[in-house]
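Each residue of the sequence shown is one higher than the one before, starting from 19 at the first, in our numbering. Note that beta-carbon positions come from the ideal geometry of N, C-alpha and C, so glycine has one too. Predicted model, so just to flag it, every value in this text is computed and none were measured. Reviewing the structure listed below.
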Amino acid sequence: MKKLWPVLFLLLAACKQKEYNADLLVKNALVYTVDSTFTTANAFVVSSGKILAVGNIDTLEKQYLAREVIDAGGKAVYPGFIDAHAHFYEYGLGLQDVKLVGAKSWDIVLDSVSSYSRHKTDGWIIGNGWDQNIWANKAFPNKARLDSLFPVRPVILSRVDGHAAIANQAALNIAGIKPGQKITGGEIETVNGKLTGILVDNAVGIVTRKIPAPTEQITQAALLDAQRNCFAVGLTTVDDCGLPYTMVNTIAALQHKGDLKMRMYLMLADQQENYDYLFKRGAYKTPGLNVRAFKVYADGALGSRGACLLHPYSDQKNWSGFLLSSKAHFEDVAKKIAAHGFQMCTHAIGDSANRVMLKIYAENLKGKNDKRWRIEHAQIVSPEDVKLFGDNNIIPSVQPTHATSDMAWAIKRLGADRLKTGYAYKDLMKQNGWIPLGTDFPVENINPMYTFYAATERRDLKGLPDGGFQMENALTRTEALRGMTVWAAKANFEEREKGSIEVGKYADFVILDQDIMKVKGSELPNVKVLKTYINGVKVYEKK
Numbered sequence: 019m020k021k022l023w024p025v026l027f028l029l030l031a032a033c034k035q036k037e038y039n040a041d042l043l044v045k046n047a048l049v050y051t052v053d054s055t056f057t058t059a060n061a062f063v064v065s066s067g068k069i070l071a072v073g074n075i076d077t078l079e080k081q082y083l084a085r086e087v088i089d090a091g092g093k094a095v096y097p098g099f100i101d102a103h104a105h106f107y108e109y110g111l112g113l114q115d116v117k118l119v120g121a122k123s124w125d126i127v128l129d130s131v132s133s134y135s136r137h138k139t140d141g142w143i144i145g146n147g148w149d150q151n152i153w154a155n156k157a158f159p160n161k162a163r164l165d166s167l168f169p170v171r172p173v174i175l176s177r178v179d180g181h182a183a184i185a186n187q188a189a190l191n192i193a194g195i196k197p198g199q200k201i202t203g204g205e206i207e208t209v210n211g212k213l214t215g216i217l218v219d220n221a222v223g224i225v226t227r228k229i230p231a232p233t234e235q236i237t238q239a240a241l242l243d244a245q246r247n248c249f250a251v252g253l254t255t256v257d258d259c260g261l262p263y264t265m266v267n268t269i270a271a272l273q274h275k276g277d278l279k280m281r282m283y284l285m286l287a288d289q290q291e292n293y294d295y296l297f298k299r300g301a302y303k304t305p306g307l308n309v310r311a312f313k314v315y316a317d318g319a320l321g322s323r324g325a326c327l328l329h330p331y332s333d334q335k336n337w338s339g340f341l342l343s344s345k346a347h348f349e350d351v352a353k354k355i356a357a358h359g360f361q362m363c364t365h366a367i368g369d370s371a372n373r374v375m376l377k378i379y380a381e382n383l384k385g386k387n388d389k390r391w392r393i394e395h396a397q398i399v400s401p402e403d404v405k406l407f408g409d410n411n412i413i414p415s416v417q418p419t420h421a422t423s424d425m426a427w428a429i430k431r432l433g434a435d436r437l438k439t440g441y442a443y444k445d446l447m448k449q450n451g452w453i454p455l456g457t458d459f460p461v462e463n464i465n466p467m468y469t470f471y472a473a474t475e476r477r478d479l480k481g482l483p484d485g486g487f488q489m490e491n492a493l494t495r496t497e498a499l500r501g502m503t504v505w506a507a508k509a510n511f512e513e514r515e516k517g518s519i520e521v522g523k524y525a526d527f528v529i530l531d532q533d534i535m536k537v538k539g540s541e542l543p544n545v546k547v548l549k550t551y552i553n554g555v556k557v558y559e560k561k
């Protein structure tokens, strides 16, 4: 009997070794950890939704027995992509409206609206995505034909950037808009004493506030539809810019139920009720939801000539755009946000808007700090103002596809000299040594591969221009990947919990069909996501 004890001991030890001590093992992969030294590995282990170990498969297989094993087949694995500037909920709502992105003429827009109206037969007709800059005549449309098609039913169609819209007379009547009416921070276009239907910036809200609020069912469908499409392109966190406080509980409830798995960083809109809400209750933070920022609009968009410039537009000599609120308003808001310890994120496109906001930021931040106040877009910045980003640790939060979408017509708005200082992502990155990247979807496509391509190649999807657009401001592939992962997380105060494949961080990762760090530049837009994981759980797989 004594001779059996060693055998029994070995059997018990073997059984103990076979006990599961991990949930997931990913092996046979090229893992870009995106850690501080940009190391790679061939395997990692996940437990309880977080990264447990990263390293060599031979070592990890000896230490861990996982319930699930993924053989990546040599494919590249990256941290889950983070979009540092998007309109997630708006995008989801837009999936249910008339889609006008890419429409090559006003005629095509009208045909699309008419076709949509035959399927959705009552209520407002809402569309989004038209862009007169890709039409033959480049001019804003007139509502006359829209009135003829829809004399009673209200219609509003937003421009691609969301900073202009065209409404028919039925919608204008509901909003009570009259010819010649003025509004601060916006324009109600009137020609020869008649409304054209064109509304710019703050004028758009006069109409949209009359649209009935979405039902709870529509709201939930919008969030889940947006999530589905985002998972398919590898997004695991999105920054939703400019929501009302009422959306916080809606999103939190869906996440608590397990239906909404997308991690979200919310910026509340520049409205008093939102300040009251967050100042009273304080920052809201869960693993899936972070609410600690406010989104402010300094000016409009370049495409609709709403961006506020230091000098007149090159293609409209008597016009320099405008600020959407008074300088006093921005100063007051900045002081309030600073006093309560929250993050301020301001949309600023034109060089005048950027200068105003950078100086207001500087007055409140007073030099080096870690408050991470952000300028969203920072598209046109005067060279003498660039240093204000570094002097005050202000974060330029940029969207690389804006450069390649705008380049064909931006030179007409700005002229060659000013354009040279626009979309200067490399110069802006050097100020703090890092830069978060986003898309601004639905203004641009949701696909992070387009962001990566535009940031590094500075070309559009047609491969133009040859040699790239102002390549002195291209980012390296390492910088671009950091901008879509750990730097985007840092812009949200979340770099210790996500943005890289490191021990202790959430197991959010994607597997791609090609290695974006090595594939030919022209192939980058064609790279596809094979699988997307959040907390080590698969939320998308390519069929």
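{"Item": "Enclosing alpha helix (DSSP H) for Val504 [first to last residue]", "Value": "Val504 to Ala509"}
{"Item": "Ile144 versus Gly194: straight-line alpha-carbon distance, rounded", "Value": "18 Å"}
{"Item": "Segment limits, beta strand (DSSP E) that includes Arg177", "Value": "Val173 to Arg177"}
{"Item": "Close beta carbons around Ala311, own chain, < 6 Å, minus the five adjacent residues each side", "Value": "Met285, Gln361 and Cys363"}
{"Item": "Lys353 (DSSP reduced to helix, strand or coil)", "Value": "helix"}
{"Item": "Residues near Gly211 by beta carbon distance below 6 Å, same chain, minus five either side", "Value": "Pro197"}
{"Item": "Pick from Asp115, Gly147, Gln150 and Leu217 that is closest to Ser133, judged by C-alpha positions", "Value": "Asp115"}
{"Item": "Residue nearest to Ala270 in terms of C-alpha spacing, selected from Arg299, Gly252, Gln245 and Gly306", "Value": "Gly306"}
{"Item": "Residue environment, Thr77, which counts as buried when at least 16 other CB atoms sit within 10 Å", "Value": "exposed"}
{"Item": "Inter-stretch contact (C-beta, 8 Å, three-pair minimum) for the segment 255-264 and the segment 97-117", "Value": "yes"}
{"Item": "Other residues of its chain near Val170: CB distance less than 7 Å, five sequence neighbours each side excluded", "Value": "Ala188"}
{"Item": "Cβ neighbours of Arg495 in the same chain (closer than 6 Å, five flanking residues each side left out)", "Value": "Thr474 and Met535"}
{"Item": "Collapsed DSSP secondary structure at Met265 in the structure displayed", "Value": "helix"}
{"Item": "Beta-carbon proximity list for Val461, same chain, < 7 Å, skipping 5 on both sides", "Value": "Val178, Asp179 and Gly180"}
{"Item": "Per-residue burial, Val173 [other beta carbons within 10 Å of its own, 16 or more giving buried]", "Value": "buried"}
{"Item": "Same chain only: Cβ atoms within 8 Å of Asp526, ignoring 5 sequence neighbours per side", "Value": "Pro97, Gly98, Thr254, Thr255, Arg281, Lys516, Tyr551, Ile552 and Asn553"}
{"Item": "Backbone secondary structure at Ala287 - three-state DSSP", "Value": "strand"}
{"Item": "Coil, strand or helix - Val95 by DSSP", "Value": "strand"}
{"Item": "Coarse secondary structure for His365, derived from DSSP in three states", "Value": "strand"}
{"Item": "Start-end ranges of the beta strand (DSSP E) lying completely within the segment 43-115, minimum 3 residues", "Value": "48-50, 61-65, 68-73, 84-89, 94-97 and 99-104"}
{"Item": "Of the listed residues Ala59, Ala240, Ala371 and Lys353, nearest to Gly339 (C-alpha basis)", "Value": "Ala371"}
{"Item": "C-alpha distance - Thr422 paired with Glu394, whole-angstrom precision", "Value": "17 Å"}
{"Item": "Backbone CA spacing between His329 and Val251 [nearest angstrom]", "Value": "40 Å"}
{"Item": "Three-state secondary structure assigned by DSSP to His347", "Value": "helix"}
{"Item": "Which residues DSSP lists as bridging Ala396, in chain order", "Value": "DSSP output for Ala396 lists no bridge partner at all."}
{"Item": "Beta-carbon spacing of Ile398, Ala325 below 8 Å", "Value": "yes"}
{"Item": "Bridge partner(s) assigned by DSSP for His259", "Value": "It should be pointed out that residue 259 corresponds to Cys in this sequence rather than to His. DSSP lists Met285 as partners of Cys259."}
{"Item": "Inter-residue spacing [alpha-carbon to alpha-carbon] between Val351 and Trp124", "Value": "40 Å"}
{"Item": "Identity of the residues DSSP links to Leu213 by a beta bridge", "Value": "Thr208"}
{"Item": "Alpha-carbon spacing of Glu299 relative to Ala47, whole angstroms", "Value": "This sequence places Arg at residue 299; Glu is not what is there. Each residue's Cα considered, the two are about 44 Å apart."}
{"Item": "Local conformation of Phe168 per DSSP, three classes", "Value": "coil"}
{"Item": "Which residues DSSP lists as bridging Asp125, in chain order", "Value": "Beta-bridge pairing links Asp125 to no other residue."}
{"Item": "Cα-Cα separation, Glu402 to Leu376", "Value": "12 Å"}
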